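>
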């Protein structure tokens, strides 16, 4: 057979018969056998390389497919093992939870240990909270609060177990309140010998904080007498954590407007105003006051509080606390919009200079609110200032206005004049400071002083 070269098949040449005297048998034999052999050799040489390449490709594909199958099978085996382990662990956890709930319905030390276990199991496990509630853990924990046979440590364990069950779970919070936990907690505090156990008070305050986050619980807690307990804790506790929790719980409850009347029955508003300045709680205090001021009775209570406006005006100058400025100017804006007498009190507290500064260097929100307060203040005693003569006004009318203005100035008390003078001096000094901070030209001071003359004192 002829030697084959890959993709290089020599052309096929049929040699001419040399003479006409050759026999026909020899011609036929050459033509058939030689031609067939040459054709077959050519075909086999040209096709064998293609066949080998295709065969090699098929072998490569088969090898890759086998490797992929092995990887998939290995993944399935690992997934199956993980699923089996996870399922087994879930079954074990469920058995533990069932055993704990069963122990809660028992008596004595076993019940106390079960409450401690619920506290730990529900602390960081969302699914455990749901499962424990479904298994019926909440009612026996609530009943432990008023069980006289249990000591204080057992009741503290039940309180913190309820607290953890309610974390991030509104259904559990609702179930805890529905089981009567709020009234039982208050009864526990009332029955405690003075002074009450601080650990129990902290646990109850923490529960009220968590439960009051749910809107449907706000009116129930607010009407239960819990506000009085929270205010008392806020004013008397030495624990910073209990103090913060009580303030946050009062903020949650003040969101529900019907609870504001209960808040006003206490001395919370004067206490909050006097506590402003403590930067750890000032922002939260102002948050509570923003809810109180949204109710007419709340605005009245703030307006009647001693030194309320000087305190709030002072907050406007807290340049390092933009959030406090925003909340304070919001409170003053509502007070100025709703109450004529409150506007006069604001002016006497020297609010104009602070507002003018905020309109220049405050945040965009503070600037808008400060401008609105200034607009409201312009309406105070609008007829006091003597206007320039108007076309058509007689000189006698103008002179009568001047005499009236002079008489009004004469009747002004010495104290009132002193306040006016102090405010004017404060305005001038503050405007110079504002201009310096804002890098305005110095002639802006004169223009600003002319503008402030339109504000009454």
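Numbering (my numbering), first residue to last: 1 to 457.
Just so it is clear, CB atoms sit at the ideal spot from N, CA and C, and this is done for glycine as well.
These numbers were taken from a predicted model, which means no experiment stands behind them.
1) Can you check whether the CB of residue 163 is closer than 8 angstroms to the CB of residue 222?
2) State the start and end residues of the unbroken alpha helix (DSSP H) segment that holds residue 342.
3) Run the CB neighbour count on residue 340, radius 10 Å, all protein chains shown included, and call it buried at 16 or more, exposed below.
4) Is residue 307 buried or exposed, if buried means 16 or more other CB atoms sit within 10 Å of its CB?
5) CA-CA distance, residue 471 and residue 91?
6) Since residue 137 contacts residue 118 with CB under 8 angstroms, what's their CB separation in whole angstroms?
7) Please classify residue 134: is it buried, with 16 or more other beta-carbons within 10 angstroms of its beta-carbon, or exposed?
8) Would you call the stretch 355-372 and the stretch 315-332 touching, i.e. three or more CB-CB distances under 8 angstroms?
9) Does residue 88 come out as helix, strand or coil in the three-state DSSP assignment?
10) Rounded to the nearest angstrom, what separates residue 271 and residue 82 at their Cα positions?
11) Looking at the structure shown, is residue 388 part of a helix, part of a strand, or coil, going by DSSP?
12) Assign residue 74 to one of two classes, buried (16 or more other C-beta atoms within 10 Å of its C-beta) or exposed (fewer than that).
13) With a cut-off of 8 angstroms on the beta carbons, I'd call residue 369 and residue 333 a contact; round off their distance for me.
14) Quick one: using the 10 Å Cβ neighbour count with 16 as the cut-off for buried, is residue 8 buried or exposed?
15) What does a CB cutoff of less than 6 angstroms around residue 257 pick up in its chain, not counting 5 residues either side in sequence?
16) Please list the terminal residues of the continuous alpha helix (DSSP H) segment that includes residue 228.
17) Going along the chain, which residues of its own chain have a beta-carbon closer than 8 angstroms to the beta-carbon of residue 200, five neighbours each way excluded?
18) What number of angstroms, rounded off, separates the C-alpha of residue 301 from the C-alpha of residue 342?
19) List the endpoints of the continuous alpha helix (DSSP H) containing residue 287.
20) Just how far apart, CA to CA, sit residue 247 and residue 85?
In terms of the structure at hand:
1) Working through the chain shown from its first residue, we reach residue 222 at position 222. Working through the chain shown from its first residue, we reach residue 163 at position 163. For the pair residue 222 and residue 163, the CB atoms are not nearer than the 8 angstroms cut-off.
2) Position 342 of the chain shown, counting from 1, holds the residue named residue 342. Start and end: 340-348.
3) Locating residue 340 in the chain shown gives position 340, where the first residue counts as 1. Label assigned to residue 340: exposed.
4) As a working note, residue 307 is residue 307 in the chain shown. Taking all protein chains shown into account, residue 307 has fewer than 16 neighbouring C-beta atoms within 10 Å of its C-beta and is therefore exposed.
5) This structure gives no information on residue 471, because the portion of the chain shown stretches from 1 to 457.
6) Mapped onto the chain shown, residue 137 falls at position 137. Mapped onto the chain shown, residue 118 falls at position 118. By a beta-carbon distance limit of 8 angstroms, residue 137 contacts residue 118. Their separation comes to about 6 angstroms.
7) As a first step, residue 134 must be located in the chain shown, where it is residue number 134. Exposed, since its Cβ has fewer than 16 Cβ neighbours within 10 Å.
8) Flag = yes, the stretch 355-372 and the stretch 315-332 touch.
9) The residue given as residue 88 occupies position 88 in the chain shown. Helix.
10) Indexing the chain shown from 1 puts residue 271 at position 271. Indexing the chain shown from 1 puts residue 82 at position 82. Taking the straight line from one Cα to the other gives about 58 angstroms.
11) The sequence position of residue 388 within the chain shown is 388, counting from 1. Because the pLDDT at residue 388 is just 36, under 50, the model does not fix this residue reliably, and the point stays unresolved.
12) Locating residue 74 in the chain shown gives position 74, counting from the first residue. Residue burial annotation: residue 74 is exposed, with fewer than 16 other C-beta atoms found within 10 angstroms of its C-beta.
13) In the chain shown, counting from the first residue as 1, residue 369 sits at position 369. In the chain shown, counting from the first residue as 1, residue 333 sits at position 333. Yes, they are in contact, since the Cβ atoms of residue 369 and residue 333 sit about 5 angstroms apart, within 8 angstroms.
14) On the chain shown, residue 8 is found 8 positions in, with the first residue counted as 1. Caution applies to residue 8, whose pLDDT of 49 falls short of 50 and renders its modelled position unreliable; the model cannot decide the point.
15) Your numbering for residue 257 matches position 257 in the chain shown. For residue 257, the CB contacts under 6 angstroms within the same chain, skipping 5 residues up- and downstream, are 295 in chain order.
16) Numbered from its first residue, the chain shown carries residue 228 at position 228. Run containing residue 228: 226-236, per the alpha helix (DSSP H) assignment.
17) On the chain shown, position 200 is the one that residue 200 refers to. Its chain contains 152, 155, 156, 159, 188, 189, 192 as the residues whose beta carbon lies nearer than 8 angstroms to that of residue 200, once the 5 sequence neighbours on both sides are disregarded; these appear in chain order.
18) Against the chain shown, residue 301 aligns to sequence position 301. Against the chain shown, residue 342 aligns to sequence position 342. Computed Cα separation, rounded: 12 angstroms.
19) Start at 1 with the first residue of the chain shown, and residue 287 comes out as number 287. 282-292 is the extent of the alpha helix (DSSP H) around residue 287.
20) Position 247 of the chain shown, counted from the first residue, corresponds to residue 247. Position 85 of the chain shown, counted from the first residue, corresponds to residue 85. In a straight line, the C-alpha of residue 247 is about 46 angstroms away from that of residue 85.
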